[in-house]
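Protein chains in written order, with numbering that gives the first Met the number 0: chain A, 0 to 385; chain B, 0 to 175; chain C, 0 to 400.
Data block below; observations after.
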Amino acid sequence: MAEWLKGYLDPPWLAYLAAALLQCAVLLAVVMTAVAAFNWMERKIAGRLQDRLGPTRVGGRFGWLQSVADGIKLLTKEDIIPAGADAMLFRLAPYLSFCTAFCVFVAIPFTDKWVALRLNAAVFFILAVAGLEVFGVILGGYSSGSKWSLLGAMREAAQVVSYEVPMALCVVVVVTVAGTMDLVAIGKMQSGWFWDWLVFHDPFTFLTFWIYSTCAVASVNRAPFDLPEAESELVAGFMTEYSGFRWSVFFMAEYGSMLAVSILAAILFFGGWNGPIPLAGLLGLTPQHGPVAGFLGELLGAINTLGKGILGVGVMMWLRWTLPRLRIDQVMTVCLKYCIPLAAAMFVGAALWTYAFPGGLILPARAAPTEPAFPLAAAAHNAGEQ
Amino acid sequence: MEAHDILSRLQERFGGAITGSNLENVDPWIEISPDALFEVCRYLRDDPELRFDFLNCISAVDYLQTDPKKAEKTTWQPHVEVLYHLSSLVHKHRLTLKVMLPRWKDGAQGQLPEVPSVSGLWRTAEWHEREVYDLGGVRFTGHPDLRRILCPEDWIGHPLRKDYQAPAEYHGIKAR
Amino acid sequence: MAIERTGLEWDEFDVRTDELVINMGPQHPSTHGVLRVLLRTDGEVVQQAEPHIGYLHRCAEKIGENVSARQWIPYTDRLDYLAAMNMNLGWALTVEKLLGLEVPEKGRHLRVIMAELNRIASHLVAAGTYGLDLGSFTPFMYCFREREKILNLFEEACGARLTYSYITVGGVMADLPAGWTDRCLAFLDQFEPVVDELHALLTSNAIFVRRAAGIGVLAPELAVSYGCSGPVLRASGVDWDLRRDGDPWYTRMYQGYDWDVIVQVNGRYPHDENYPQVPRAAVLGDCWHRFYVRMLEVVQSMRLVRQGIERYRTAAGSVGQPIKLSQKLPKGEVYLETEAPKGQMGFMVIGDDSAVPVRVRARSSSFCNLSVLSELCRGCLVADVPAILGSLDIVLGEIDR
Chain A
0 MAEWLKGYLD
10 PPWLAYLAAA
20 LLQCAVLLAV
30 VMTAVAAFNW
40 MERKIAGRLQ
50 DRLGPTRVGG
60 RFGWLQSVAD
70 GIKLLTKEDI
80 IPAGADAMLF
90 RLAPYLSFCT
100 AFCVFVAIPF
110 TDKWVALRLN
120 AAVFFILAVA
130 GLEVFGVILG
140 GYSSGSKWSL
150 LGAMREAAQV
160 VSYEVPMALC
170 VVVVVTVAGT
180 MDLVAIGKMQ
190 SGWFWDWLVF
200 HDPFTFLTFW
210 IYSTCAVASV
220 NRAPFDLPEA
230 ESELVAGFMT
240 EYSGFRWSVF
250 FMAEYGSMLA
260 VSILAAILFF
270 GGWNGPIPLA
280 GLLGLTPQHG
290 PVAGFLGELL
300 GAINTLGKGI
310 LGVGVMMWLR
320 WTLPRLRIDQ
330 VMTVCLKYCI
340 PLAAAMFVGA
350 ALWTYAFPGG
360 LILPARAAPT
370 EPAFPLAAAA
380 HNAGEQ
Chain B
0 MEAHDILSRL
10 QERFGGAITG
20 SNLENVDPWI
30 EISPDALFEV
40 CRYLRDDPEL
50 RFDFLNCISA
60 VDYLQTDPKK
70 AEKTTWQPHV
80 EVLYHLSSLV
90 HKHRLTLKVM
100 LPRWKDGAQG
110 QLPEVPSVSG
120 LWRTAEWHER
130 EVYDLGGVRF
140 TGHPDLRRIL
150 CPEDWIGHPL
160 RKDYQAPAEY
170 HGIKAR
Chain C
0 MAIERTGLEW
10 DEFDVRTDEL
20 VINMGPQHPS
30 THGVLRVLLR
40 TDGEVVQQAE
50 PHIGYLHRCA
60 EKIGENVSAR
70 QWIPYTDRLD
80 YLAAMNMNLG
90 WALTVEKLLG
100 LEVPEKGRHL
110 RVIMAELNRI
120 ASHLVAAGTY
130 GLDLGSFTPF
140 MYCFREREKI
150 LNLFEEACGA
160 RLTYSYITVG
170 GVMADLPAGW
180 TDRCLAFLDQ
190 FEPVVDELHA
200 LLTSNAIFVR
210 RAAGIGVLAP
220 ELAVSYGCSG
230 PVLRASGVDW
240 DLRRDGDPWY
250 TRMYQGYDWD
260 VIVQVNGRYP
270 HDENYPQVPR
280 AAVLGDCWHR
290 FYVRMLEVVQ
300 SMRLVRQGIE
310 RYRTAAGSVG
320 QPIKLSQKLP
330 KGEVYLETEA
340 PKGQMGFMVI
350 GDDSAVPVRV
360 RARSSSFCNL
370 SVLSELCRGC
380 LVADVPAILG
390 SLDIVLGEID
400 R
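See the structure below:
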């Protein structure tokens, strides 16, 4: 997009700046809409699972505008900061969580062309930034000036930081099989039919997906790992003293990171923007058939990615409303005694598999594409070389 | 075991400490003197044929008629009774013990009458005795932690006494 | 190190930096009412848990010395408000024992139906809120959905959903409306599969077992010494149920009924082949067993209700006549305990030839069950305190009266 804008705006840095702002705005719009939709989805799923209807009044029979009503309510609530709270940190904490949760989306490709920032170490970037979210939580719990919030924050810190390790190991399994950390390249490797998806590549990646899903649910603090927000013990854990808009910022950060890990799983394991059947190719929605067809093909891919992400989030919601929650020492046991050894075993297995069957066992393995991540820079470099 | 058997056993063993009984009442009761209460209870709990291992309830009853017209017709003198209801899970029998106490110790208004605590025999007595102290105004000697349980810590007076006057206000909140 | 006093005031206090004092309550989502539990913890491990009660004290016993026996029935409703029928029954039986008044047979069977239906409702609340304490939101809704149906039945019978004042001294306030027994049987028929659903969601759920099994183990001797009763006592292995072993005035109501006391005998619960097996991690007397005993008692109560309905339909005569409000209580003292859903509920009445008793005493099961909390919580984690508290199934109305 920056290159396209360069054609219109004169100083190149302005083009890049405008491109960045525009892309951020689009991402924010997409993700905020998704978050609002998740709020509605959560309440509907919760309702149906509990043998009741969920929102039915605001905005028609299905309560479509319930999220909007909730948002208005939260914005108009009184802004309360407890007397014993550290005011500056108290104000800072939700935004810290929110920013890190959304920064992750900068590196996530929705299709192979629609990505805000194509990094050749995208996986690394995502894991690193997602790990920063815990700071917001710790600060929120500490600065609330309440012992309950402090306990919640301490549990959260222990849990999230611990679960980053097996999550990273699971992701490394996929990186080993794919040979690259570039998410766009990983997605492109899985184009074709659903058996080309990495989850079906070998038994180790298949098992890795299940371990990854457990660790992902734990790292976003969803049930059954939602002890930091345990309602029945700590009222709301580190979020106890937050009300109104500040709470909604934390809450958007949580849903945002849920979507992020779901989409990450979709890209790493389930082909990302490639559907189970190569519809875009079959229908002729490729750039060779003109810009409109190309755009429609990209749109289909984006719908695929988002759809898989939403499905993942829906499964997380299903789990939340069904299972009880684990105690913190049980959460840590699951991480340290089960997830990490299993993930490590999967890593060894996957590495041995790719060594033993470099061409793939049943289907030919796809080599990582060799096109450079930054074509213009590469072209300039090549031009400079000559 | 029937109440009269239990009474005769107790009288045999403790003699004068058994100061009365009423076996014709719907629930027969045996009256014990306060000083011997702990030993009698220990015997009742530990004797293999009695085995009263379950303390159901401790209550205090304040016998005082505040209405002067009715007071002329009462047959009893003002006093406080502490009732112990026991039962045996082993032998499936029940017993009521009573301790008669003066309303105030040595006749001095405000000085609570005293009874030895049985919390060393049945742990449930810890809370029951705290409640009797709080509401009925009876002090239990030897209790590990005798403080109010239902009323606030700084409450004055013992509400279930018949001559109790509720305070006009408590920490600025009007009570009457 | 010598402190030089320079005329300033020095405050010396012991700063224990490793002990955290946390207050759970009185307003807290899972203390089952206004209860304050003072926790002293060393990080996550609880060193001491001390319950403070009295936030719901409404002077019920003092009021009882100023109203007549029948007028005190609504106050009994508000003791254990989740099982108001059983509270009414306890007080009614106590006064009837003092008066020597026997309720006719039809009334006795009706009382069994109501008491056991209320036991089911109370245990549903216990099970649902216990799941809620542990993070399971959905079984709570299922339990309350079923409880709604029971409350609808009660509303048809006496007009109230929670505080019935239905069972009164001398019988019941009014006979059942037409078709009530059919609706009740229809409810029981559709309720049986729901119990299996709850077993699948809670009793045999691996996470639930991890949270409840082996937690808060109560030894039988300690339970008896602390005066625990009801499911708490039976889950520790003590075979005691007042419906079978209690005062004849009370056990007469259940004479001829065929049901099992839910207690583990020789390592097995009665008819346990129909229900999930006891997991290996569960120790007799732990939270899981207390939960399991309540779930199994629900099934026994269903049996009792069915038998009660049959007998009520075939019994002749009236359901009893409430005594006059001005009825004088003879001289005498009576203490009677009944098996309420949460344990043994005892009422004492002392009459002195007047309509108003000299003394009224309510001995609640939850009062004694709660007193064992400080023993059970020593050395457990903070997250286990709601698990243990939920398994004791207390209701502050009857603790504080």
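Glycine residues also receive a C-beta, built at the ideal position from the N, C-alpha and C atoms.
Sub-8 Å separation of glycine 284 of chain C and alanine 211 of chain C beta-carbons:
For the purposes of this step, residue 284 of chain C is identified with residue 285 of the third sequence, where counting begins at 1. For the purposes of this step, residue 211 of chain C is identified with residue 212 of the third sequence, where counting begins at 1. Contact flag unset, no.
How far does the alpha helix (DSSP H) with serine 370 of chain C in it extend, from its first residue to its last?
Taking the first residue of the third sequence as position 1, residue 370 of chain C is located at position 371. 364-370 is the extent of the alpha helix (DSSP H) around serine 370 of chain C.
Span of the beta strand (DSSP E) holding glycine 345 of chain C?
Working through the third sequence from its first residue, we reach residue 345 of chain C at position 346. 342-350 is the span of the beta strand (DSSP E), which, as asked, contains glycine 345 of chain C.
Contacts around alanine 174 of chain B, its chain only, beta-carbon distance under 7 Å, and the 5 residues preceding and following it disregarded
Taking the first residue of the second sequence as position 1, residue 174 of chain B is located at position 175. Excluding residues within five positions, the ones whose Cβ falls inside 7 Å are Ala165, Pro166, Ala167, Glu168.
Going along the chain, which residues of its own chain have a beta-carbon closer than 7 Å to the beta-carbon of tyrosine 129 of chain C, five neighbours each way excluded?
Position 130 of the third sequence, counted from the first residue, corresponds to residue 129 of chain C. Taken in chain order, the residues that qualify are Phe290, Gly389, Ser390.
Report yes if the CB atom of valine 348 of chain C is closer than 8 Å to the CB atom of alanine 68 of chain C, and no otherwise.
If you number the third sequence from 1, residue 348 of chain C lands on position 349. If you number the third sequence from 1, residue 68 of chain C lands on position 69. Yes, these two residues count as a Cβ contact at 8 Å.
Determine the chain C residues that contact tryptophan 320 of chain A at a beta-carbon separation under 8 Å, and present them in chain order.
Sequence index remark: in the first sequence, residue 320 of chain A carries index 321 (1-based). Going along chain C in sequence order, the residues near tryptophan 320 of chain A (Cβ under 8 Å) are Phe136, Thr137.
Quick one, which of A/Glu77, A/Ala301, A/Ala259 has its alpha-carbon nearest asparagine 273 of chain A's?
Here the question's residue 273 of chain A lines up with position 274 in the first sequence. Checked all of A/Glu77, A/Ala301, A/Ala259; the closest Cα to asparagine 273 of chain A is A/Ala301.
Expressed to the nearest angstrom, what Euclidean distance is found between the alpha-carbon atoms of alanine 187 of chain A and aspartate 111 of chain A?
On the first sequence, residue 187 of chain A is found 188 positions in, with the first residue counted as 1. On the first sequence, residue 111 of chain A is found 112 positions in, with the first residue counted as 1. Note that residue 187 of chain A is lysine in the sequence shown, not alanine. Whole-angstrom Cα-Cα distance: 7 Å.
Along the chain, which unbroken stretches of the alpha helix (DSSP H) at least 4 residues long are found entirely within the segment 135-222 of chain C?
137-157, 179-197, 205-211
Is serine 364 of chain C closer than 8 Å to glycine 229 of chain C when the C-beta atoms are compared?
For the purposes of this step, residue 229 of chain C is taken as the residue at position 230 of the third sequence. For the purposes of this step, residue 364 of chain C is taken as the residue at position 365 of the third sequence. Contact: yes.
In its own chain, which residues sit with a C-beta less than 7 Å from the C-beta of serine 231 of chain A, not counting the 5 before and 5 after it?
For the purposes of this step, residue 231 of chain A is identified with residue 232 of the first sequence, where counting begins at 1. Confidence at serine 231 of chain A is low in this model, with a pLDDT of 44, below 50, so the placement of that residue is unreliable and no value is reported for it.
CA-CA distance, asparagine 54 of chain C and glutamine 46 of chain C?
Position 55 of the third sequence, counting from 1, holds the residue named residue 54 of chain C. Position 47 of the third sequence, counting from 1, holds the residue named residue 46 of chain C. A small fix is needed here, since residue 54 of chain C is tyrosine in this sequence, not asparagine. About 24 Å.
How would you list, in chain order, the residues of chain A whose beta-carbon sits under 9 Å from the beta-carbon of isoleucine 206 of chain C?
Numbered from 1 along the third sequence, position 207 holds the residue referred to as residue 206 of chain C. Correct list: Pro223, Leu322, Pro323, Arg324, Leu325, Gln329.
Measuring straight from C-alpha to C-alpha, what distance separates alanine 292 of chain A and phenylalanine 89 of chain A?
Numbered from 1 along the first sequence, position 293 holds the residue referred to as residue 292 of chain A. Numbered from 1 along the first sequence, position 90 holds the residue referred to as residue 89 of chain A. Rounded to whole angstroms, alanine 292 of chain A to phenylalanine 89 of chain A spans 49 Å at the Cα level.
Would isoleucine 155 of chain B count as contacting chain C if we go by Cβ distances under 8 Å?
Within the second sequence, the letter at position 156 stands for residue 155 of chain B. It does not: the Cβ of isoleucine 155 of chain B has no partner Cβ on chain C nearer than 8 Å.
With 16 as the cutoff for other CB atoms within 10 Å, does arginine 358 of chain C come out buried or exposed?
Counting from 1 along the third sequence, the entry for residue 358 of chain C is found at position 359. It is buried - the Cβ of arginine 358 of chain C has at least 16 other Cβ atoms within 10 Å.
Cβ pair threonine 167 of chain C, alanine 91 of chain C closer than 8 Å
Stepping through the third sequence from its first residue, residue 167 of chain C is reached at position 168. Stepping through the third sequence from its first residue, residue 91 of chain C is reached at position 92. Yes; because the gap between Cβ atoms is below 8 Å, this pair is in contact.
Close Cβ partners of tryptophan 317 of chain A (< 8 Å) along its chain, the five nearest in sequence each way excluded:
By one-based count along the first sequence, residue 317 of chain A stands at place 318. Around tryptophan 317 of chain A: Ile44, Leu48.
Give me the Cα-Cα distance between tyrosine 404 of chain C and leucine 372 of chain C, rounded to the nearest whole angstrom.
As displayed, chain C neither begins before 0 nor continues past 400, which places residue 404 of chain C out of reach and without an answer.
Tell me the residue span of the beta strand (DSSP E) that contains asparagine 303 of chain A.
Along the first sequence, read from residue 1 onward, the residue named residue 303 of chain A stands at position 304. Note, asparagine 303 of chain A: premise wrong, no beta strand (DSSP E); alpha helix (DSSP H) at 290-319.
Does alanine 354 of chain C get closer than 8 Å to chain A when you measure Cβ to Cβ?
As a working note, residue 354 of chain C is residue 355 in the third sequence. It does not; no Cβ of chain A falls within 8 Å.
Quick check: is the beta carbon of phenylalanine 53 of chain B nearer than 8 Å to any beta carbon in chain C?
Here residue 53 of chain B corresponds to residue number 54 of the second sequence, with the count starting at 1. Cβ-Cβ to chain C under 8 Å: yes for phenylalanine 53 of chain B.
Cα separation between lysine 341 of chain C and valine 330 of chain A?
Counted from its first residue, the third sequence places residue 341 of chain C at position 342. Counted from its first residue, the first sequence places residue 330 of chain A at position 331. The alpha-carbon atoms of lysine 341 of chain C and valine 330 of chain A are separated by roughly 32 Å.
Taking DSSP as the reference, what is the three-state secondary structure of valine 219 of chain A?
Against the first sequence, residue 219 of chain A aligns to sequence position 220. Reduced to three states, the DSSP call for valine 219 of chain A is coil.
Using the Cβ count rule (16 or more neighbours within 10 Å means buried), how would you classify methionine 87 of chain A?
Sequence index remark: in the first sequence, residue 87 of chain A carries index 88 (1-based). By the 10 Å Cβ count, methionine 87 of chain A comes out exposed.
Using a Cβ-Cβ cutoff of 9 Å, what residues of the segment 87-111 of chain C are near chain B? List them in chain order.
Answer set for the segment 87-111 of chain C: Lys96, Leu97, Gly99.
Does the beta-carbon distance from glutamate 163 of chain A to serine 218 of chain A come in below 8 Å?
Translated into the one-based positions of the first sequence, residue 163 of chain A becomes position 164. Translated into the one-based positions of the first sequence, residue 218 of chain A becomes position 219. Taking 8 Å as the Cβ cut-off, glutamate 163 of chain A and serine 218 of chain A qualify as a contacting pair.
For alanine 92 of chain A, which option in A/Met238, A/Val183, A/Val103 has the closest C-alpha, if you only look at C-alpha atoms?
Within the first sequence, residue 92 of chain A is the residue found at index 93, counting from 1. Nearest option by C-alpha distance: A/Met238.
Please return the same chain residues whose Cβ sits closer than 6 Å to the Cβ of serine 32 of chain B, not counting the five positions on each side in sequence.
Your numbering for residue 32 of chain B matches position 33 in the second sequence. Ala16, Thr18.
Exposed or buried, which one is arginine 122 of chain B when buried takes at least 16 other CB atoms within 10 Å?
By one-based count along the second sequence, residue 122 of chain B stands at place 123. That one is buried.
Along chain A, in chain order, which residues have C-beta atoms closer than 8 Å to that of tyrosine 141 of chain C?
Indexing the third sequence from 1 puts residue 141 of chain C at position 142. Correct list: Gln49, Asp50.
According to DSSP, which residues form a beta bridge with glutamine 47 of chain C?
Taking the third sequence and counting its residues from 1, one reaches residue 47 of chain C at position 48. In DSSP, glutamine 47 of chain C forms a bridge with C/Arg39.
Name the two residues that bound the continuous alpha helix (DSSP H) containing alanine 279 of chain A.
Counted from its first residue, the first sequence places residue 279 of chain A at position 280. Run containing alanine 279 of chain A: 278-282, per the alpha helix (DSSP H) assignment.
Opposing strand residues paired with asparagine 21 of chain B [DSSP bridges]:
For this step, residue 21 of chain B is matched to residue 22 along the second sequence. In DSSP, asparagine 21 of chain B forms a bridge with B/Trp28.
For chain C, find out if any of its Cβ atoms is closer than 8 Å to the Cβ of leucine 299 of chain A; answer yes or no.
For the purposes of this step, residue 299 of chain A is taken as the residue at position 300 of the first sequence. Output row for leucine 299 of chain A: interface = no.
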